[in-house]
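K.L.:
Read left to right, the sequence shown gives residues 136 to 414 (this note's numbering).
We put the CB at the ideal spot given by N, CA and C, even for glycine.
I'd like to ask some things about the structure below.
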Amino acid sequence: MMSVYEDFRHLSPAAAMLARHAARPRGVALAGVCVLTALGAAILGLLMTQNGAGSFAFLKALCGANAALDINAIAFALSFAAWAAMALVMMLPGAAPMLLTYAEIAETAAVKGAATVSPLVLAAGYLAVWIAFAGLASGIETVISAQIPPVTEWAVFAVSGIIILAGLYQFSALKHACLSRCRRPFAFFFANWTDRAAGVFRLGLRQGLYCLGCCWALMALMLFAGAMNLVWMAGLAAIMAAEKLTRSQMLPRVIGIVLIAAGAVILAINSPLARAALG
């Protein structure tokens, strides 16, 4: 039987080379990660060029000059766009090994003539989880922005509390169980292999849920660090990728210790006693 990757003799050499790469699941997976990550970066770049007032004006112009738009709805739309873009930029690169593992198995099956499903279906299931998280996070952010002043004593306690909570979660059994699934995708795909698109989409959902269970506390830090803060985005993305790409059992605990210490320091320096001493 002739491999589907060799049946391009009717094409020009350049077209045949492009078709071979397009037919390989690994090529599709890698291209999908690159394109979607670039799309997320482009959306973030567009949003960052707009200040708060400019963003509202942009959406009002888009929806019509006479449209009566609720300011909270606009804030939610902007926040959701930012969180969805951050999910693409921050989570997809860390998921690349998982997608490439599936693609490698699919490519081996395709060479043998077995039916396979595009890794883009798997990526769609994975991203569906993070898009849902983006909706929840943007809703929380909209409520916080509307109800709570930017700098209050409550906000200081909330920031230190969420940092300490994220640090404590690094030691939890759920964190390590989900992280183990993220680090070993081959066994998961081998045990749950399917050649149905709906089944592969569900595999993506499950992998997305494992990733969410692993990373939700770290992503929640963005609520208080400020969405679209490039320093925090880069730092947290590097931490989450390092956790998944290494097999170290100590790394999550070290990160947890650092976060707990940082939260405690923020709480201490903003305590009434510290303010009195500094004032």
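1) Compute the Euclidean distance between the alpha carbons of Ala241 and Val252, then round it to the nearest angstrom.
2) Counting only runs that start and end within the region 249-329, where is the alpha helix (DSSP H) found for 4 or more residues in a row?
3) Check the C-beta distance from Ala376 over to Gly229 and give it rounded, since I have them as a contact under 8 Å.
4) Beta-carbon separation of Met225 and Gln342 under 7 Å?
5) Cα-Cα, which of Trp351, Trp328, Ile392 and Glu378 is closest to Glu239?
6) Here's the rule I'm using: 16 or more other beta-carbon atoms within 10 Å means buried, otherwise exposed. How should Thr381 be labelled?
7) Compute the Euclidean distance between the alpha carbons of Ala397 and Thr243, then round it to the nearest angstrom.
8) Between Trp351, Leu235, Lys310 and Tyr304, which lies nearest to Ala269 when the distance is taken from Cα to Cα?
9) Using a threshold of 7 Å, state whether the C-beta atoms of Leu223 and Gly339 are closer than that.
10) Answer with buried or exposed for Ile392, where buried requires no fewer than 16 other C-beta atoms within 10 angstroms of its C-beta.
11) Just tell me which of Tyr237, Ala355 and Ile209 has its CA closest to the CA of Ala322.
12) What's the call for Ser273, buried or exposed, on a 16-neighbour Cβ count within 10 Å?
13) The alpha helix (DSSP H) with Lys379 in it runs from where to where?
14) If you follow the alpha helix (DSSP H) that Arg331 is part of, which residue opens it and which one closes it?
15) By Cβ distance, which residues of its chain are closer than 7 Å to Phe336, with the 5 residues on each side in sequence left out?
16) For Ser295, count neighbouring C-beta atoms within 10 Å of its own C-beta (all shown protein chains included) and say buried if the count is 16 or more, exposed if not.
17) Cβ atoms of Leu314 and Cys346: under 7 Å apart, would you say?
P.N.:
Result, derived from the coordinates:
1) What you label residue 241 is simply residue 106 of the sequence shown in a count that begins at 1. What you label residue 252 is simply residue 117 of the sequence shown in a count that begins at 1. Straight-line Cα distance between these residues: approximately 7 Å.
2) 254-282, 288-304, 308-318 and 320-326
3) Within the sequence shown, the letter at position 241 stands for residue 376. Within the sequence shown, the letter at position 94 stands for residue 229. That belief holds up - the Cβ atoms of Ala376 and Gly229 are roughly 4 Å apart, short of 8 Å.
4) To locate residue 225, count along the sequence shown from 1; it is residue 90. To locate residue 342, count along the sequence shown from 1; it is residue 207. Result no, Cβ atoms of Met225 and Gln342 do not sit closer than 7 Å.
5) Position 104 of the sequence shown, counted from the first residue, corresponds to residue 239. Residue Trp328 is the option with its Cα nearest to Glu239.
6) Translated into the one-based positions of the sequence shown, residue 381 becomes position 246. By the 10 Å Cβ count, Thr381 comes out exposed.
7) To locate residue 397, count along the sequence shown from 1; it is residue 262. To locate residue 243, count along the sequence shown from 1; it is residue 108. Using only the alpha carbons, I get a separation of about 47 Å.
8) As a working mapping, residue 269 is identified with position 134 in the sequence shown. Among Trp351, Leu235, Lys310 and Tyr304, the Cα nearest to that of Ala269 is on Trp351.
9) Here the question's residue 223 lines up with position 88 in the sequence shown. Here the question's residue 339 lines up with position 204 in the sequence shown. Going by C-beta atoms, Leu223 is not nearer than 7 Å to Gly339.
10) The sequence position of residue 392 within the sequence shown is 257, counting from 1. Classification for Ile392: exposed.
11) On the sequence shown, position 187 is the one that residue 322 refers to. Per the Cα distances, Tyr237.
12) The count along the sequence shown starts at 1 and reaches residue 273 at position 138. With 16 or more Cβ atoms within 10 Å of its Cβ, Ser273 is classed as buried.
13) On the sequence shown, residue 379 is found 244 positions in, with the first residue counted as 1. Run containing Lys379: Leu365 to Leu380, per the alpha helix (DSSP H) assignment.
14) As a first step, residue 331 is located in the sequence shown; it is residue number 196 there, counting from the start. Neither: Arg331 is in no alpha helix (DSSP H) and is coded neither H nor E.
15) As a working note, residue 336 is residue 201 in the sequence shown. The residues are Val256, Ala259 and Gly260.
16) One-based indexing of the sequence shown puts residue 295 at position 160. Counting Cβ neighbours within 10 Å, Ser295 comes out buried, since at least 16 surround it.
17) Your numbering for residue 346 matches position 211 in the sequence shown. Your numbering for residue 314 matches position 179 in the sequence shown. Not closer than 7 Å, so no.
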